[in-house]
Structure formats: structure tokens, C-alpha cells
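Asks: Chains as they are written, first to last, in our numbering: chain Z, 2 to 338; chain D, 36 to 875. For each residue, glycine too, the CB sits at the ideal point set by N, CA and C. Bear in mind the structure is a predicted one, so any value in this text is a computation, not a measurement.
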Amino acid sequence: MALQASERSAITPGPGFRLSRGLLTVSIAVILLFAVGAVLAPTSVDHSALLGMLPFAAVLAIAAVGQTLVVQQGGIDLSVPGAVSLAVVITTHQPAGDDDKLLGALVFGLAVAIGFGIVNGLLIGWRRLNPIVATLGVNALMYAVVLGISGGSPRRTTQLLREVAGGVTFGIPHSVYFGVVVVALAAMVMKTTVGGRRFEAIGANPAAAAATGLPVTRYRAAAYIWAQVLYWLAGVLLAGIIAQPTAFQGDAYLLPSVAAVVLGGTSLLGGRGFLVPTAIAAVFLSQLEQFVLALGVSFAIRTLVEAAALTVGVALYTVDWAAVRRRFAGRRTAATA
Amino acid sequence: MINQSQETALTAAPPTMALQGISKSYAAVAALTDVSLEVLPGEVHALLGENGAGKSTLMGVASGTVIPDRGTITVLGETVDELTPGLATRMGIAIVHQHPAVLPDMTVAENIAVAVPERFLHGDRRAAMRGILDRVGCTAHLQDRVGNLSIAQKHLLELAKAMAVEPRLLILDEPTAPLDRDSVGLLFDLVRSAARQGTAVVYITHRLAEVRELADRVTVLRDGHHSGTAVVGDVTDEELLAMIVGRRLEYTFPAKQHTSGDEPPVLTVEGLSGDGFSDVSFTARQGEIIGVAGVLGNGQSELLRALAGLAAWHSGGIVIGGRRVNRRRLHRSSAYMPADRHHEGLMMSMSVRENAALTALDRLGAGRFVSRRREVAVVGAELAGLNVKAATLETPVTSLSGGNQQKVVMARSLLGKPDILLADEPTQGVDVGARAEIYRILREVSGSGVPVVVASSDAKELEGLCDRVIVLSRGHVVAELAGDEVTEERMIRAAIESTAHKRAEEHRTTGSRLSPVWRRRLEGDYTPVLILAGVMLLLGAYIYAQNDRYLLPFNVTSVMLLVSALGFIALGQTVALMTGGIDLSVGPLSGFLVVVGSFFFTDGHSGQMLVLGLVLMAALAASTGLVNGSLIRFGKFTPVAATLATYIALQGFSYLLRDTPGGLISTAVTDVITLTIGPVPIAFIVLVVLAFGMEFLLRTTRWGRNIRAVGSDEESARRLGVRSTRTIIAGYVVVSLFAFLGALILLAQLGIGDPAQGVSYTLNSIAAVVLGGTSLLGGRGTFVGTVLGTGLIVQLLNATTFLGLSQTWQYLFQGALIVIAALVYSQARGTGRTAESATR
Numbered sequence: 002m003a004l005q006a007s008e009r010s011a012i013t014p015g016p017g018f019r020l021s022r023g024l025l026t027v028s029i030a031v032i033l034l035f036a037v038g039a040v041l042a043p044t045s046v047d048h049s050a051l052l053g054m055l056p057f058a059a060v061l062a063i064a065a066v067g068q069t070l071v072v073q074q075g076g077i078d079l080s081v082p083g084a085v086s087l088a089v090v091i092t093t094h095q096p097a098g099d100d101d102k103l104l105g106a107l108v109f110g111l112a113v114a115i116g117f118g119i120v121n122g123l124l125i126g127w128r129r130l131n132p133i134v135a136t137l138g139v140n141a142l143m144y145a146v147v148l149g150i151s152g153g154s155p156r157r158t159t160q161l162l163r164e165v166a167g168g169v170t171f172g173i174p175h176s177v178y179f180g181v182v183v184v185a186l187a188a189m190v191m192k193t194t195v196g197g198r199r200f201e202a203i204g205a206n207p208a209a210a211a212a213t214g215l216p217v218t219r220y221r222a223a224a225y226i227w228a229q230v231l232y233w234l235a236g237v238l239l240a241g242i243i244a245q246p247t248a249f250q251g252d253a254y255l256l257p258s259v260a261a262v263v264l265g266g267t268s269l270l271g272g273r274g275f276l277v278p279t280a281i282a283a284v285f286l287s288q289l290e291q292f293v294l295a296l297g298v299s300f301a302i303r304t305l306v307e308a309a310a311l312t313v314g315v316a317l318y319t320v321d322w323a324a325v326r327r328r329f330a331g332r333r334t335a336a337t338a
Numbered sequence: 036m037i038n039q040s041q042e043t044a045l046t047a048a049p050p051t052m053a054l055q056g057i058s059k060s061y062a063a064v065a066a067l068t069d070v071s072l073e074v075l076p077g078e079v080h081a082l083l084g085e086n087g088a089g090k091s092t093l094m095g096v097a098s099g100t101v102i103p104d105r106g107t108i109t110v111l112g113e114t115v116d117e118l119t120p121g122l123a124t125r126m127g128i129a130i131v132h133q134h135p136a137v138l139p140d141m142t143v144a145e146n147i148a149v150a151v152p153e154r155f156l157h158g159d160r161r162a163a164m165r166g167i168l169d170r171v172g173c174t175a176h177l178q179d180r181v182g183n184l185s186i187a188q189k190h191l192l193e194l195a196k197a198m199a200v201e202p203r204l205l206i207l208d209e210p211t212a213p214l215d216r217d218s219v220g221l222l223f224d225l226v227r228s229a230a231r232q233g234t235a236v237v238y239i240t241h242r243l244a245e246v247r248e249l250a251d252r253v254t255v256l257r258d259g260h261h262s263g264t265a266v267v268g269d270v271t272d273e274e275l276l277a278m279i280v281g282r283r284l285e286y287t288f289p290a291k292q293h294t295s296g297d298e299p300p301v302l303t304v305e306g307l308s309g310d311g312f313s314d315v316s317f318t319a320r321q322g323e324i325i326g327v328a329g330v331l332g333n334g335q336s337e338l339l340r341a342l343a344g345l346a347a348w349h350s351g352g353i354v355i356g357g358r359r360v361n362r363r364r365l366h367r368s369s370a371y372m373p374a375d376r377h378h379e380g381l382m383m384s385m386s387v388r389e390n391a392a393l394t395a396l397d398r399l400g401a402g403r404f405v406s407r408r409r410e411v412a413v414v415g416a417e418l419a420g421l422n423v424k425a426a427t428l429e430t431p432v433t434s435l436s437g438g439n440q441q442k443v444v445m446a447r448s449l450l451g452k453p454d455i456l457l458a459d460e461p462t463q464g465v466d467v468g469a470r471a472e473i474y475r476i477l478r479e480v481s482g483s484g485v486p487v488v489v490a491s492s493d494a495k496e497l498e499g500l501c502d503r504v505i506v507l508s509r510g511h512v513v514a515e516l517a518g519d520e521v522t523e524e525r526m527i528r529a530a531i532e533s534t535a536h537k538r539a540e541e542h543r544t545t546g547s548r549l550s551p552v553w554r555r556r557l558e559g560d561y562t563p564v565l566i567l568a569g570v571m572l573l574l575g576a577y578i579y580a581q582n583d584r585y586l587l588p589f590n591v592t593s594v595m596l597l598v599s600a601l602g603f604i605a606l607g608q609t610v611a612l613m614t615g616g617i618d619l620s621v622g623p624l625s626g627f628l629v630v631v632g633s634f635f636f637t638d639g640h641s642g643q644m645l646v647l648g649l650v651l652m653a654a655l656a657a658s659t660g661l662v663n664g665s666l667i668r669f670g671k672f673t674p675v676a677a678t679l680a681t682y683i684a685l686q687g688f689s690y691l692l693r694d695t696p697g698g699l700i701s702t703a704v705t706d707v708i709t710l711t712i713g714p715v716p717i718a719f720i721v722l723v724v725l726a727f728g729m730e731f732l733l734r735t736t737r738w739g740r741n742i743r744a745v746g747s748d749e750e751s752a753r754r755l756g757v758r759s760t761r762t763i764i765a766g767y768v769v770v771s772l773f774a775f776l777g778a779l780i781l782l783a784q785l786g787i788g789d790p791a792q793g794v795s796y797t798l799n800s801i802a803a804v805v806l807g808g809t810s811l812l813g814g815r816g817t818f819v820g821t822v823l824g825t826g827l828i829v830q831l832l833n834a835t836t837f838l839g840l841s842q843t844w845q846y847l848f849q850g851a852l853i854v855i856a857a858l859v860y861s862q863a864r865g866t867g868r869t870a871e872s873a874t875r
């Protein structure tokens, strides 16, 4: 229903790609981190250090992208540890070292992940439970399955998985390929498909999306299911990277996944989700750890640096810096007057 | 009619309030220009005027919430330089808002306690409160939760609070809108008796009948100007109407449709009734724009939402283009332009293109993919057709003017190829130039055969735009105007001469077959406590039946000590959740404090060192709370982000102090902390006493009520004078101090400073609080419930060892318990507050 389009001036399409504040911030942060690392602690950026860091960065990136999907719909997913651990345990214990059984274990693991995603989605989408409570409970249930399968003991993964997930081609660890493909795919689906665009719009303003006739609850629930699929993949990769993963391997991914989401510029209150920045933030967090490690400082300092990075990162987004500047400028003029 | 003696009395007394030459502008738009108003003691002064004439702004000035640009305020002969809400209350000015400032999660009694100072509650508090409610005919029970009351009851509660402070000046903003006939009668009696006792009453209304029945004098505002003041007995309805209408227009309307009357009907609404409107019928013929007129909030928006399929209707039907449609279909095929663009219209963080394309995504490419080229072409053409002014398609929609934002909403609506277009206040916040274009576009859409329904509180706009107008009053159609009858005067006359009343609203009965007493109990804060106690007893009995060593003193003592450690931390978490926040840092904080303590409580230290250690631990805890609270309130961090940052930092500090476990705690200290009376540790007794103490503080002191008020509804709390920032920061300090108490028990249990310990207490404390029935949405919960929730978690962990079950069962029980508890509690609380409102 374009009305008399010919006689009116068209609007210029504008750039096809827009640099978000989150992407800009984390990109600069990563570049700075590598630059500072090269000067202060060259061992943090050498080949072996990167080979050590990148696989875990890829796993974190995949899990954090899953968390982003949930957070952008105004939720939060505390079931990351259970989900990752469950995927690890199923892919290591089911085949018990037998390559032939690996595929079956992967399919089974994926089905279980989707099942728990549906539970989360039902509880939060339709029963309208608070996401913190629901995913906290589901996390415990997932750990029950983890212990039921593993009895708490670690087991080696199969040779095949070690090669597929833990191998190196052209000097780059396989998990990095997985990570890049998954993040790119997720970002592309989000930007170019009908479902992805609607998903983004619902996150940005659920009330307005409902007013245009979109089924908000269904999309919100879907976020938890897709998130579980991504956690599953993260867990499978982890099972291949680590020689003998424990039953509690996922515990180390909850807080970093939330931190990466926040550093990527997605608000914990929901709204616009930033997938690529989140993935880069995951690299940042992983490299930060590598850098501080190479500096030879203690775990304590490393943790404190992480906390500082998180605080500064959040403050960059939340604080109205223009207002702060005005206020200080105002104070100074008041003082001189 | 006022008799002579009364009139002389009125003129002799000094005015209770005099406003002189008041002007107020918002961003270059004048809301009030040189308005004066005098209200005398003992008079009821009606304030009339169209929507947006400035009535509410003027009363905002009178009650201190709006600071005028110019003009003077005189109260009882004394000039007030700056009137604040607090000062206004102290001077005896009470206002009953159109939207009641009530706290949904608190009971009626607690709402009264927050708003009404102690000195007005004479004698027995409960009797006094009951009396306050009875005076206004509010039948709500003192223990009813306000969120569950009907709108009318909420208004009566608001009125009761205002009347209770025996005001000198009482301002009522459209008080009868939500009330049924009986309540209105009672309200009028109340206002009359207050006036007889010398209270000055300002009565904002749109209804001439009410002015005639109640008021002594009347002041009319028009377009922010003083249009006239008169003694009610001396003016006719015609004269009043002339004072109200007659605003000049600065924009033009497109020519109206010339209907012959035999065009096919495109929309037929038959006896439609729903929440907020009843028995609405009208027919739109091809090319006709239908207007919905009336005083703001008389069911227009609700009717439009129903027509858009966004709200259900109880009876009646809608026929579009000869087809009867159901709500589901309507929801998909209608285009709805909301009055509140920011909340319901636009994705403010997204670009113009993304906003406009949302409804057309399906046909912008092949399959499930969207072609960017097609999108740019189609969206660009539509926006250009509507003459949207934006730098590029990628410009964020926030940077557009109000008029252009509205056009983006229109573009989206039209791109969806809707079967029907609903526009609620389409020109609100839109500049003059864009208005004319929006009218033109609506006319064109209507001409193309799509039914267009426009609701507006601006009768002049409907007069210029619409071919047919229905006037709603309290949800009923009081007039249907067509052709030459569509005039501002006819619409306003129909609206203000209406005497329709709301039908008596019953107590909300959401499918509940329970008697009120039981419903109240079930919705009460202490229901979870009873459920938990029952579950714990059953579980205990079962374990004891399986294994009789379960109740040996040794086990009882150790369970109680475990409960104490987690319990203190969970009590703190309860405070955080009560304010509507969350504190993830409690676990690492308690671990950190144990590490700090391990430097002071080892063997061979003097008593002074011990005291120093305690003081230091408490101080560190308090400062952690301050940091959390400040990040949230001043840094605008979400509670999760803020406490996640401190969570990580505290872990860092723990490892900074000790990178491996060290510092054996002296047994003398451990013995003191684990001292028991019989099998019961003193720490446990302290926990229970503190829980009851906190419960008491929460229910009876101003601090406790403020905490819950802020968590329940921060905006209402602020209007009631609660300092939310201070309350919340103090709340987080309390949270941390409880973590300090928990750390003392941990100190004895661990016996060593271990930097890796404590972390798990964060999630366990949240689980305990949730089990105890505290809502994560803030505002409601109990400390006693938290202790029981803690008890149940510890009991479960303990049970698995006595029943010889594996860790699997531990997790299974814990997970199932949390999910089931959350489901049960959310069911018991009903649908009053949903996750949707929590995300706001």
C-alpha cells in the first residue's frame, strides 16, 4: 500500500552494516589486550599460548551465544553448568571409548538437551515462572542425570571425537572452526531469516511485538531450547578437547557466559541481543586469563582483573557518561565562578 | 443552590489555597498559561475542561509534584516559595490520584500504615483502620492483598487514605470514574460532610451532572488558560459548554467521504462487551472513518484493543468484510497503532527499517529468508509514500521526531496489509505538519476499503476526521453521531451530560471456589511456611522410620548447625529479593570473611585481636553491601551484573589473602560458636530469634514496610514519600551483614581459612528463599519461610546419607523441589503479577 511513492523523496538505504557499540567496545578491548600482551608478556600471545587458549574460548563463545539468546528475551539461564556437564558426560560415558557408538551418543545427547530446553521453555514461557528459579531447579535435575549416568567419575572420550573436536588443521584448533561457524550461523539466522528478525524484535520490545500480532510466548520459549542446543555443542567440544573431563566440567561456564553476554553489550534486562560481540567478549575473557597467567601473577590478581573488566564493561553501557561529564564540567565552572 | 449566609461566609474566610498567575511549560509546549484559582474553606470547587486542558497539571502544582515556571502559591494566607509533596502533606493537602498510588504486594492494612501517619490512627490500630475504610464504604478486608482488589476497591482505598489525614484541602481527580452508583452516592456524602467541617475540596470531573449535584463554584480551563469561574447556581449548561469548547486549530483535515448510505458495510460490531466496555454496536461503510470519543479512560482503549484481537471479549461479535472473525484471527490480521508508542509501538533500540519491516517479513524474500534488497525497496517505498523524514533507513528510530515515529508505526501497520486499522490517539505527541499527513493517510487507507477506527480524547480531531463517531462513557455508548452531527460540541455534550455508572464490580473471582477467608489464607505470606513445615515433618518421620539413628542428638546438632550457616545467608538473600533485586555475592562474601577471620581467630591471639577481627569482618561485609547497592542505584547496573562483579572480585580477594587453605581456627573460638544447649546449638536459636525479629521489623516498622514498598512498586512507593535509593542501598548492607553472621558459623565448621569455600552458598541461599515462598518479583515473602526452606534443603542432603541414597537423588530431590515449589506458589498467588510485568 505505498501511497503516491513517485512524488515523494525516497530515503537513502544507509549502510548495510552498522557497528554496534558492543562490537566496537569488545573489538577494541581484544586488540588492546593482545597489544599489551605482546609488549608486557610476550608468552601470552605466542603460538602455544594461543593454541591453548583458543579451544576454550570457542567453547565459551558457543555457550555464551546460547546465554545471549535467553538474556535478550529478558531471561537468564542458570542451567548452563548442568547442560554442559550433561553433554560432556553423555558423549564420554555412552560410547565408553567406542567410536561406533559416538554418533548414537551425540544424537541421544542432543535429544536430552532439547528435552530440557522444552522444560525450561514451558516453565518460563507458559507457566511464567521466574527464569532464575526455573533454571536453577532444572540445573539440579540435569545434574541428577549427570550423576546418574556417570556416578561422578570421569571417563576418556573416544579417539574419533578427540580428532574431530580436539584436532588442529592449518595450525588452527578444530573447535575454533566450530565456534566461528556456529556464531556466524546464529548471527546470520538472526539477521536474515523471518524467524530471527521476529525473535530480535520480540526481545527488543515484547509488548510492541505482541501488539503487531507476534506469538511472544512461543519465541521466548524457543530461546531456551536453542540455548540448550548450543550448550550441548559446547559440551561435546569440551569432551573432545579435554583428555579426561570430570562430571562437573560445566561449572566453570556459568559466570563467564553471563559475563560475556554483559560485556558484549546485551542488557540483563533484555532487549537487543548482540551475538558476535558476545563471542568476541568470550575471546577477551579467555585471553585475559591467558595474559594474566603469563604475567606470572597469582590466581587472585587474575580474578580481580576479571572483576574490574566486568565492572568497567558494564559501566560503559549503563552509566550516562555525557551526563557525568556535564556534571563535572558544571562543577568546575561553578568552582571557578 | 447556595443560600445567602453561606455565600457571605465563603467570601469572608481567607482562601485555603490561592494559586495566582501560574504558568508551566514542558519543552516549549505551554501546559498552563497565567491560571489563577482560589479555593475557600468549606467549598466544593469543581474543575472542568477537556482532556489536556491543564487540570491535572494545575493540581500537580497544588499538591507539590509539579513546580510552576511562574506564579505564586498561597496556603491559608501564607505564600509558599517552593511546595514539595512532603510539605504539601504537612500543610494538610491530600490528593486522590486518577491512578491510585497503592502497593500491590502489601495488604490493605500495610498500605494504610505506609501512607497514614501514626497520629491519625487513634486507639486500637486495627479498629482505626477499619473505621477509615468503612467511612468511604471500602469493603476490602484489612488482610486482603491490594493487588487482588478490584479497581473500584483500590480507588476507595486511595480515597480512604486521603480522608484519614483529615486534610484542609482535598483534591479529587475524577474520583467517580471507576465507581458504581452506590459508591458514588457514598462519596458525595463524604465530600459534603468534609466540606461542612471546613475542608476545601477541588473536584476534577468531566460530568456536568456531578458539578450540579456537588459543587458550589466551578472553574473551567481551556487549552491551559483560565476560561472562567462561576457560582454553579448562576450558570447554565450551555454557558459551561461554551467555556469548555472552542479551541482554535492550527491544522487542516482531508475532505470527508460523501456517503450515499448504500455502500457495503466493511465492519460491523454487534453488541460487543468486554473488560472496560459493554454492549458496543456500530457499522462502518466503505470509506467511513469511525471515531471513538469520550473522556480519557472510559473504555475507548479497551474497545480498540479488543477490535485488534489483543484483548478478549465476553459476548457479541465482529464482522469484517462479511466474515465473522475470532480473536486469534483478528490478532494476526489487524493493525494496531497504540497510544503509547514507546511502550507498545516501537522497538526503540532498532532502526527505522527493522521497525517498519516487522509485519512484512513473510513476503520480503524467498522461503524463510529475508532479501535485503527487497526489504530496502519495499520498506523504503512505503516510508517514502508516508513522507517519513529520516536520514537513512538504518537510523535508529529513537532519533526521529514524534510525528515521524508515528509514521513508522503506520508504515509497519500498512505493510502488514491489515484487514482493519485501529489507531489509539494517533496524533499524540505529533507536530502540526505531521498531523495533517497522518489524517490524510488514514483517509486514504479508509478509502481503499480497510475499516479504520480512531480513538481520540481530542473531540476537535474526531470532528475533523471522522464520518461517524460513537461516544463512550464508563464503557457504554451514550451517543452515535453521523454526518453533520459529528461536532466537538455534540461529543462533549454527550460525554459530560452522561450519567452512566460503572456496573457494580464484584471481587475478582479468578475461577476460585474458595470462601474469602480461605482464599486470603492461601494467598497469605504464611501459606508456604505451613506447607514446608508439613513436608519436613513427613520427610523426617519417613527417614526416622527407615533409620532410627536419624534423631540422635549428634545428627540433630549437626543438621541445625548446617541450617544456621545457610540460614543466616538466606535471611540476607530474603532482604535482597524483597527489594526486587538479588545478591549473587553472598556466597563468596561469606567465604572471604572466613579467610579474613582465619588471620585473627587462630591460637595464641589475644582477646583484643578477636574483637578486632570481628569488627573488621563486619566492616568489610557492610562495605561490600554499600558497593553492591551503589553499583545498582548510582551505576545503574542490574542487580545480577552488579553482584556478579562483586562475586568475582571477592573470590579474588580471598585468593589474594590465602592462595591455599591455612590459618587453623582456634578450638576455643570454634567451641564458643558451636556451643549447644542440650542438642540445640545456640547459633540455631539465634537464627530463629533473628528470623522472628526480622519478621517483626518487616511487618511493623517503617524500615520493613519501605523495603517491601520499594520491591512491590517503586513508582508508587516514591509518590508515597519512600526514599527508594536509600532504602535499597541500606537493604544490600543488611544482606551483607547477614552473610557476616553466616560466615561466623562457617568459620567454626570449616576450621580453616579456605579461599575455595563459600561460593556454593549463593545458589543454595536463593533456592532456600524461593522454597520459603518469597517472590523473586519483590515485595512479598517471609523470613520464617526462608529458615524453613533452608531446613528442608539441609534435611534433604542429610536424608540421602541416612537412606543410603546416592548423590543423584540429592540433586533430583533438590531440583524437583524447587520446580514444584515455584509452580505451586505461582499458582497460589494467581495471575495478579505475571513474568511480563516483572521484566519492566
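Provide the residue(s) that pair with D:Ala508 in DSSP beta bridges, ordered along the chain.
Replies: Here the sequence assigns Ser to residue 508 of chain D, which means Ala is not the residue at that position. Per DSSP, D:His511.
Asks: Mind reading off the beta-carbon distance from D:Ile239 to D:Ala97? Whole number of angstroms is fine, and I expect it under 8 Å.
Replies: About 11 Å separates the two Cβ atoms, so there is no contact after all.
Asks: Using a C-beta to C-beta distance shorter than 7 Å, which residues of chain Z count as neighbours of D:Pro373?
Replies: By Cβ distance, chain Z contributes Ala212.
Asks: Roughly how far, in whole angstroms, is the beta-carbon of Z:Asp78 from the beta-carbon of Z:Ala228, given that I think they are within contact range, below 8 Å?
Replies: That pair is a contact at about 6 Å.
Asks: Can you give, in chain order, each stretch of the beta strand (DSSP E) that sits fully within the segment 77-144 of chain D and has at least 3 residues?
Replies: Segments of the beta strand (DSSP E) lying fully in the segment 77-144 of chain D: 79-83, 105-110, 113-115, 128-131.
Asks: When the cut-off is 8 Å and only beta carbons count, does Z:Leu4 lie next to chain D?
Replies: Reliability fails at Z:Leu4, whose pLDDT of 43 lies under 50, so the model's placement of it is uncertain and the value that follows must be treated cautiously. So yes, Z:Leu4 belongs to the interface.
Asks: Return helix, strand or coil for Z:Pro278, following the three-state DSSP convention.
Replies: Three-state result, Z:Pro278: helix.
Asks: I'd like to know if D:Asp466 contacts chain Z, where contact means its C-beta is closer than 8 Å to some C-beta of that chain.
Replies: No, its Cβ sits nowhere closer than 8 Å to a Cβ of chain Z.
Asks: For D:Ile617, which of helix, strand or coil comes out of DSSP?
Replies: Of the three classes helix, strand and coil, the one that applies to D:Ile617 here is coil, per DSSP.
Asks: Between D:Tyr579 and D:Gln830, what straight-line distance do the alpha-carbon atoms span, to the nearest angstrom?
Replies: Whole-angstrom Cα-Cα distance: 12 Å.
Asks: Measure the alpha-carbon distance for Z:Tyr220 versus Z:Arg273 and round it to whole angstroms.
Replies: Near 14 Å, if we compare the C-alpha coordinates of Z:Arg273 and Z:Tyr220.
Asks: Is it true that the segment 620-627 of chain D meets the segment 132-145 of chain Z, where meeting means three or more beta-carbon pairs spaced less than 8 Å apart?
Replies: No contact exists between the segment 620-627 of chain D and the segment 132-145 of chain Z.
Asks: Distance, Cα to Cα, D:Ala426 vs D:Val432?
Replies: The alpha-carbon atoms of D:Ala426 and D:Val432 are separated by roughly 10 Å.
Asks: Is there a Cβ of chain Z sitting closer than 8 Å to that of D:Tyr846, yes or no?
Replies: Cβ-Cβ to chain Z under 8 Å: yes for D:Tyr846.
Asks: Since Z:Pro174 sits in a beta bridge, which residues does DSSP pair it with?
Replies: Per DSSP, Z:Val169.
Asks: Specify, as a first and last residue, the run of the beta strand (DSSP E) that Z:Gln245 falls within.
Replies: Counting along the chain, Z:Gln245 falls outside any beta strand (DSSP E), and DSSP gives it neither H nor E.
Asks: List, in order along the chain, the chain D residues whose C-beta lies closer than 8 Å to that of Z:Tyr144?
Replies: Those within 8 Å of Z:Tyr144 in chain D are Tyr846, Gly850.
Asks: If you measure from the beta carbon of Z:Phe285 to each beta carbon in chain D, is any gap under 8 Å?
Replies: Closer than 8 Å: no.
Asks: Return the CA-CA distance between D:Ile787 and D:Val630, expressed in angstroms with no decimal places.
Replies: About 8 Å.
Asks: Where do the N-terminal and C-terminal ends of the beta strand (DSSP E) with D:Glu305 fall, by residue?
Replies: 300-309 is the extent of the beta strand (DSSP E) around D:Glu305.
Asks: Looking at the C-beta of D:Leu798, does it have a partner C-beta in chain Z at a distance below 8 Å?
Replies: Cβ-Cβ to chain Z under 8 Å: yes for D:Leu798.
Asks: Where does Z:Ala97 land, buried or exposed, given buried means 16+ other C-beta within 10 angstroms?
Replies: With fewer than 16 Cβ atoms within 10 Å of its Cβ, Z:Ala97 is classed as exposed.
Asks: Determine the direct distance from the alpha carbon of D:Ile828 to that of D:Ala148, and round the result to whole angstroms.
Replies: Between D:Ala148 and D:Ile828, the C-alpha separation is close to 35 Å.
Asks: Buried or exposed for Z:Thr158, please, with buried defined as at least 16 other CB atoms from any protein chain shown within 10 angstroms of its CB.
Replies: Looking at its Cβ environment, which holds 16 or more other Cβ atoms inside 10 Å, Z:Thr158 is buried.
Asks: Could you tell me whether the Cβ atoms of D:Ile505 and D:Pro486 are closer together than 8 Å?
Replies: Against a cut-off of 8 Å, the Cβ pair of D:Pro486 and D:Ile505 comes out as no contact.
Asks: Would you kindly work out how many angstroms separate the C-alpha atoms of D:Ile667 and D:Ala576, rounded to a whole number?
Replies: Approximately 45 Å, taken between the alpha carbons.
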